[in-house]
């Protein structure tokens, strides 16, 4: 009896231990540090209550960093999703299997590059003097610009990110698309359904669970963006492309303020938790349906 | 039944093939890994870029290192910035130290951006990861409380503290001392200069045209007013920019503040208040510096805007490709440490490159000494082998190592510098190893993080305010904010940080 009662707990022990060690403990540590004046250069640290939070919100720049994070996340996620969907539909419509495979592989290539390599490549491409982007723009009558030194530099980082991550969306959506039974599509065609109607009433509802999961994953993943932003702009010009992750890094490794960085770290958790809550409710409603 | 058996067979075949495939993949990965490990060189391969061909017999002030075998068999863990051109010849010579002492030097090459923070993390957590630290001037103040005092060792090696102090450049002396103890030994000194293409300046056509336009002889500029004229004269983008400047975000603040110091000002006054806020002349000067650069990038456009994003190597490439007449804020690392400026193919393309001190922002052309950069070795409190680390430090500052590295830095000891200044580049015998005029100005250079008027190291200057200044000054140079706003915001951040750190409590 006791064996039956405790055995399941024994089996979940590894995952509980894993969660406790790698998630719960670091989270509480983060929370603890956010209430301290800890620095990287001093051994002492004092409990200062919510002083870090007060100063961060009083300075007010945190709203701008959060705004940058959210704009970046939403734009990159949905643009990648849309483009991925378009490419997946186009590729799926190619009847010639070999051609379809070549098309898929060539579309997947950017995904295989390291984000840092993508960042460096785009960074050089967007320079005023050497960049190929300016060569093309100049050829069609526009003026050369150092795009990553413009106030809207963040949008160019988004462009690079979309370029790098659309293939991931594409490949998942293509796999899902290929699971749509052709017989249903054929039947709809016999019934006179247009391409758009087939997409609206058959393909999209079939892909919906994949799209929801994919979007949630992509939203959370994009929200964590740091590498490409750091390589391409270092949060600049000024701090105009600084997002919440860049300010966490800067606070820790430029300002050496562990307490302040932890405070930003805690604030940065708001958005992913919100997304997960929304995701949870969508899934629960779908379960009820 | 027969169908089931077939299915089972197919499954077991698949399992078998899967297992074989898995084993084959594991073997391939293992083979690859073994191959990689086997091919991995034992010591980091650093190409020796500079060799000294001409040496003169001068008695050294700093004592020579006596090889000792006391620590034979020991491995020293030494963190070092990765790919540092200045020190490449020194690293390439480390085998000599290893042979002399029987020790092994295990360099941990760290990316530049993480060099300070990585070492700081190890030192504050007392992990004992490194036997000594290699730290740049910006991070140095934060390391001070965690390093052991070196007074007794210095006295033993140099004979007295005074003998050591008299050999180190004057303004570098104070920042080395913390709570009465010397905590660091400089291994590298550096400053910024202006490089220009001599052929362009000496071209009779250019000279004639310049004289017609400006009514004076075409000369390398000594002041920023002259620089403005010369840059405007040569500027013909995108074929040729007047200037390219090493001003990417990391060093932007240093480039501007060096002009401010060279004009005779300091960052903080004797009460540790920002001079840019409380001293009208200082404020005017800083506004003038920012305005000049803002105009150069935005209005007159004689500095290529990419300068604000290009890293040091990209600036070198831009200049040596013949895209600019002058290169501003170039560090010694790239003077000879990387033979780029004087390589034969570069000479063929852009002619001879010469170096002069940075022009002064004030029209009098008087140098009060800008901001110098130093790299220092210190021994952390948690060092597992402090005595062996000291042996390594003595080797690193020995004459032969310092002279070998002198093409990419000033040896931070006067006695060695005096010798280095008489030498020429091995790959360009008509180019001095150390440009004399640049060196003269350097001897007055100050440390940014030490308040000389208050005789106090102000650690906090190098943290949040520095990063904020980089952001603000970049925005200013891009024309997004005015110089006045950039200064106001910076001094506000500086004052708030110092206030929070308790500097203004009475």
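Protein chains in written order, with the working numbering: chain A, 47 to 335; chain B, 217 to 722.
Think of the CB as a built atom: it goes at the ideal place given N, C-alpha and C, for glycine as much as any other residue.
query	result
Strictly by DSSP, which residues pair up with residue 296 of chain B?	B:325
What in chain A is Cβ-close to residue 688 of chain B, meaning under 8 Å?	284
Which stretch, first to last residue, makes up the beta strand (DSSP E) that contains residue 669 of chain B?	Here residue 669 of chain B belongs to no beta strand (DSSP E), and DSSP marks it neither H nor E.
Which residues in chain B have a C-beta closer than 7 Å to the C-beta of residue 296 of chain A? List them in chain order.	683
Taking Cβ-Cβ distances below 8 Å as the criterion, which residues of the stretch 151-175 of chain A are in contact with chain B?	169, 173, 174 and 175
Closer than 8 Å, CB to CB, is residue 300 of chain A near chain E or not?	Among the chains of the structure shown, chain E does not appear; the protein chains present are A and B.
Using a 10 Å radius around the Cβ and a threshold of 16 neighbouring Cβ atoms, would you call residue 406 of chain B buried or exposed?	buried
For residue 87 of chain A, return the contacting residues in chain B, with the cut-off set at a CB-CB distance below 7 Å.	336, 340 and 358
Looking at the secondary structure, which residues open and close the alpha helix (DSSP H) in which residue 509 of chain B lies?	496-514
Return helix, strand or coil for residue 373 of chain B, following the three-state DSSP convention.	helix
With 16 as the cutoff for other CB atoms within 10 Å, does residue 349 of chain B come out buried or exposed?	buried
Between which two residues does the beta strand (DSSP E) harbouring residue 410 of chain B extend?	408-413
If I follow the unbroken beta strand (DSSP E) through residue 542 of chain B, where does it start and stop?	540-547
Give me the chain A residues within the contact set of residue 295 of chain B, using Cβ-Cβ distance strictly less than 7 Å, ordered along the chain.	Those do not exist, as residue 295 of chain B stays about 15 Å from chain A at its closest Cβ, beyond 7 Å.
Just the Cα atoms here: how many angstroms apart are residue 408 of chain B and residue 214 of chain A?	46 Å
Since residue 81 of chain A contacts residue 96 of chain A with CB under 8 Å, what's their CB separation in whole angstroms?	7 Å
Take the Cβ of residue 501 of chain B as the centre, count every other Cβ of all protein chains shown within 10 Å, and call the residue buried at 16 or more, exposed below.	buried
Indicate whether residue 137 of chain A and residue 126 of chain A have their beta-carbon atoms separated by less than 8 Å.	no
Quick one: what's residue 570 of chain B bridged to in DSSP?	B:412
Checking the sheet assignment: what are the DSSP bridge partners for residue 288 of chain B?	Answer by DSSP bridge pairing: none, since residue 288 of chain B is not bridged.
I'd like to know if residue 192 of chain A contacts chain B, where contact means its C-beta is closer than 8 Å to some C-beta of that chain.	yes
Taking the alpha-carbon of residue 643 of chain B as reference, which of B:562, B:583 and B:712 has the nearest alpha-carbon?	B:562
So residue 503 of chain B packs on residue 699 of chain B, CB below 8 Å; how close in whole Å?	5 Å
Can you pull the chain A neighbours of residue 522 of chain B, defined as C-beta to C-beta under 7 Å?	173, 174, 175 and 192
Counting Cβ pairs closer than 8 Å, one from the stretch 662-673 of chain B and one from the stretch 585-596 of chain B, do we hit at least three?	yes
May I have the straight-line CA-CA distance separating residue 716 of chain B from residue 709 of chain B, to the nearest angstrom?	10 Å
According to DSSP, residue 351 of chain B sits in a beta bridge with which residue or residues?	B:592
Which residues mark the beginning and the end of the beta strand (DSSP E) in which residue 644 of chain B is found?	644-648
Would you call the stretch 415-424 of chain B and the stretch 384-400 of chain B touching, i.e. three or more CB-CB distances under 8 Å?	no
Taking beta-carbon pairs under 8 Å, can you tell me which members of the stretch 256-281 of chain A lie near chain B?	280 and 281
I want to verify the contact list: residues of chain A whose CB lies under 7 Å from the CB of residue 694 of chain B, in sequence order.	195 and 283
Tell me which residue opens and which closes the alpha helix (DSSP H) that residue 473 of chain B is part of.	465-478
Distance, Cα to Cα, residue 51 of chain A vs residue 60 of chain A?	17 Å
Flag residue 465 of chain B as yes if its beta-carbon sits less than 8 Å from any beta-carbon of chain A, otherwise no.	yes
Please name the residues in the stretch 438-454 of chain B whose beta-carbon is closer than 9 Å to at least one beta-carbon of chain A, in chain order.	453 and 454
Mind checking which residues open and close the beta strand (DSSP E) that includes residue 457 of chain B?	457-461
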